[in-house]
Amino acid sequence: MATAKSNRNTCDVCGRSKGISKCEGCEKIFCYNHFGNHRQELYEQLDEIKVSSDLFRQTLTDQTTDQQKHPIIQQINDWEIYSIRRIRKTANEARKMVFEHTTECVSDIEVKLNKLTDQLRHSRQENDFVETDLRHWKERLTQLTEEVSKLTTITLHQDSKPLVTKIYVNITSGKCVLVIPISLILRFHYFVVPPSTIIIRANTRWKQNGIAIAGNNDKGDRLNQLKNPWGLYISDDQVAYVADTWNHRIVEWKRNATSGLVAAGGNGQGNRPDQLKEPKDVIVDEASDTLIISDRGNSRVVRWPRYNGTSGQIIISDVCCVGLAMDNDGYLYVSDSTKHEVRRWKIGETKGTVVAGGNGRGKHLDQLDDPSYIFVDDDYSVYVSDGNNHRVMMWEKGAKEGIVVAGGQGEGNDLSQLSEPRGVIVDQLGTVYVADYGNNRVMRWSKGASEGSVVVGGNSQGAQPNQFHYLQDISFDRQGNLYVVDQSNHRVQRFDID
Numbered sequence: 002m003a004t005a006k007s008n009r010n011t012c013d014v015c016g017r018s019k020g021i022s023k024c025e026g027c028e029k030i031f032c033y034n035h036f037g038n039h040r041q042e043l044y045e046q047l048d049e050i051k052v053s054s055d056l057f058r059q060t061l062t063d064q065t066t067d068q069q070k071h072p073i074i075q076q077i078n079d080w081e082i083y084s085i086r087r088i089r090k091t092a093n094e095a096r097k098m099v100f101e102h103t104t105e106c107v108s109d110i111e112v113k114l115n116k117l118t119d120q121l122r123h124s125r126q127e128n129d130f131v132e133t134d135l136r137h138w139k140e141r142l143t144q145l146t147e148e149v150s151k152l153t154t155i156t157l158h159q160d161s162k163p164l165v166t167k168i169y170v171n172i173t174s175g176k177c178v179l180v181i182p183i184s185l186i187l188r189f190h191y192f193v194v195p196p197s198t199i200i201i202r203a204n205t206r207w208k209q210n211g212i213a214i215a216g217n218n219d220k221g222d223r224l225n226q227l228k229n230p231w232g233l234y235i236s237d238d239q240v241a242y243v244a245d246t247w248n249h250r251i252v253e254w255k256r257n258a259t260s261g262l263v264a265a266g267g268n269g270q271g272n273r274p275d276q277l278k279e280p281k282d283v284i285v286d287e288a289s290d291t292l293i294i295s296d297r298g299n300s301r302v303v304r305w306p307r308y309n310g311t312s313g314q315i316i317i318s319d320v321c322c323v324g325l326a327m328d329n330d331g332y333l334y335v336s337d338s339t340k341h342e343v344r345r346w347k348i349g350e351t352k353g354t355v356v357a358g359g360n361g362r363g364k365h366l367d368q369l370d371d372p373s374y375i376f377v378d379d380d381y382s383v384y385v386s387d388g389n390n391h392r393v394m395m396w397e398k399g400a401k402e403g404i405v406v407a408g409g410q411g412e413g414n415d416l417s418q419l420s421e422p423r424g425v426i427v428d429q430l431g432t433v434y435v436a437d438y439g440n441n442r443v444m445r446w447s448k449g450a451s452e453g454s455v456v457v458g459g460n461s462q463g464a465q466p467n468q469f470h471y472l473q474d475i476s477f478d479r480q481g482n483l484y485v486v487d488q489s490n491h492r493v494q495r496f497d498i499d
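The numbering used here runs 1 ahead of the 1-based position in the sequence shown.
Here it is in structure tokens:
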């Protein structure tokens, strides 16, 4: 604040000694004229502060108004949509199972009742019955009545654990017990969803320069090197498991590590229990805490302890395996590039069930030609990279034919084409992400689209951070960052969300 005070000093502006005053704020001395000017400057500064205050208040108001546009709110909305969809789908399946089971039980009871009725009619007509027959028929009728009453006895047993709720519906009818597991995925921490569901926004973009998180030290067999890697699995804590194909091993690369650890194989190529030969893919079975490996060179799929394992166990034999996937029920899916099919296996089965292809090599909708990587969504639809047909196919559960969801317009580099596609992932919106091997790019195809868009790469073949040299598998982590196996550059690149 400036106040007028008599002083014998001179004005700091013009040097006059008459009519001077001292400003208590800045302690400068002004004559009458310059004191007025100084005071005006203070008013102007006050006005500027007021304007800044008003602008900040408007910003604060806008921030409050735009809360629904906050990225976290959008993630919550995604989680809500996903959970409701899964609950509704599971509830419908449970209703169907209850209806089918009840109908079957009622039909069975009707057969028994008809048999009893025939006995009663025949005995009455022939006048051939005694007291023991009457007691037996009464007891039988009582049993049938009890069976009917049990049809309406439904109990819900809720097994509550942090972040997960599972409900079991038990229906008891006579000696038959039907158990329907209803899994309500309501996990909220970090918006965790089942492994087969990737939450990616429709407008998500990724930085165009990748960061090498494994390899990138020329090809070789040292622990900081890779040699023509193929398959990739990213765990929840961003640990990368890499099928280091020509080193005949699976290597674990922890986040920010400068070298890897051998997780399986690494004892030279061979078919001993402690060896692998040209492994093509690897996934983690969280339920058993094991690695499942496509041991292509030995025509087998093996299970290997995730930690401190020294040898593997053969779980599928005589299969020219490439890609692996697992659904939410623990069934294993394996692509066979020689039989041109994908089979679903329950661990322990010796045959498996064909779920895609299996009609010989070809380009028809019921055929595949050199299938490689696969993906299974929450509806049990199987997505297959159909390499020599330059397309990605989706086979719905139980379908006899597939649907082209990417490519299918012949080999080429147009946005409507692919060239020997490899790794494939599908997000919660049905968007397909595919490693376009021959075009050195990763593409995104929206559901129902006739052409895709380039996500990363597409900058010709090379070893720069924005280039690939024959990419193979792709994966996302829980944050939506994209990982790409850059085969002939002997590295794995991570592309962060932009």
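Each residue gets a CB set at the ideal place from its N, CA and C atoms; glycine is no exception.
Everything numeric in this text was worked out from a predicted model, so none of it was measured.
I need the boundaries of the beta strand (DSSP E) containing residue i, first residue and last residue.
i, result
"T354", "354-358"
"D245", "241-245"
"W207", "First-last for W207: undefined, no H or E at that position."
"E287", "Element bounds for E287: n/a, residue is neither H nor E."
"G266", "262-266"
"C322", "322-327"
"L233", "233-235"
"E253", "250-254"
"G449", "No beta strand (DSSP E) holds G449; DSSP gives it neither H nor E."
"E350", "Taken as a continuous stretch (DSSP letters only), E350 belongs to no beta strand (DSSP E), as it is neither H nor E."
"A436", "433-437"
"I426", "422-427"
"V131", "V131 -> no beta strand (DSSP E), and no H or E assigned at all."
"L292", "291-296"
"R392", "392-396"
"G271", "Counting along the chain, G271 falls outside any beta strand (DSSP E), and DSSP gives it neither H nor E."
"G408", "404-408"
May I ask you to report which of helix, strand or coil DSSP gives residue i?
i, result
"Y44", "helix"
"C12", "coil"
"K23", "strand"
"R442", "strand"
"S335", "A small fix is needed here, since residue 335 is Val in this sequence, not Ser. Here V335 sits in strand by DSSP."
"W138", "helix"
"Y484", "strand"
"I315", "strand"
"S476", "strand"
"C177", "Legend: pLDDT at C177 = 43, less than 50; position of this residue unreliable, value from coordinates given subsequently. C177 falls in the strand class under three-state DSSP."
"R87", "helix"
"L1", "Given a span of 2 to 499 for the chain in the structure shown, any question on residue 1 remains unanswerable."
"I168", "In this prediction, I168 scores a pLDDT of 40, lower than 50, which makes its location untrustworthy; the coordinate-derived value is nonetheless stated afterwards. In the structure shown, I168 sits in a strand (DSSP, three-state: E or B)."
"T259", "coil"
"V561", "No answer is possible for residue 561: it lies beyond the span of the chain, which begins at 2 and ends at 499."
"K220", "strand"
"S150", "helix"
"E94", "helix"
"D499", "coil"
"D238", "coil"
"R17", "coil"
"Y381", "coil"
"L117", "helix"
"D367", "coil"
"Y308", "coil"
"N465", "Here residue 465 turns out to be Gln, not Asn, going by the sequence shown. Coil at Q465, not helix or strand."
"Y374", "strand"
Should residue i be listed as close to the ligand SAM, given that the test is whether its C-beta is under 8 Å from any heavy atom?
i, result
"V52", "Among the ligands in the structure shown, none appear at all, so the ligand SAM cannot be discussed."
Just to confirm, are residue i and residue j a CB contact at a threshold of 9 Å?
i, j, result
"G310", "A264", "yes"
"E287", "H249", "no"
"K208", "D497", "yes"
"V385", "G403", "yes"
"F469", "G453", "no"
"L224", "G261", "yes"
"F1", "S54", "Since the displayed the chain opens at 2 and closes at 499, residue 1 lies outside it and no answer follows."
"Y484", "D478", "yes"
"A213", "R423", "no"
"L430", "A203", "yes"
"L419", "H391", "yes"
"T339", "R345", "no"
"V303", "L277", "yes"
Throw me the rounded Cβ distance for the residue i and residue j pair, which I believe falls under 8 Å.
i, j, result
"D474", "V486", "5 Å"
"F376", "V425", "5 Å"
"G358", "H341", "5 Å"
"I284", "R301", "That belief does not hold up - the Cβ atoms of I284 and R301 are roughly 15 Å apart, past 8 Å."
"V383", "A407", "That belief does not hold up - the Cβ atoms of V383 and A407 are roughly 14 Å apart, past 8 Å."
"P466", "G216", "Not really, about 13 Å apart at Cβ, beyond 8 Å."
Would you call the region 284-300 in contact with the region 325-333, where contact means no fewer than 3 C-beta pairs closer than 8 Å?
Contact between the region 284-300 and the region 325-333 is present, because at least three Cβ pairs lie under 8 Å.
Cβ pair count under 8 Å reaching 3, the region 365-380 against the region 407-419:
Taking a contact to require three or more Cβ pairs closer than 8 Å, the region 365-380 and the region 407-419 do not qualify as touching.
Taking 8 Å as the cut-off, does the region 128-146 touch the region 102-119 (at least 3 CB pairs, one atom from each stretch)?
Judged by Cβ distances under 8 Å, the region 102-119 makes contact with the region 128-146, as three or more pairs qualify.
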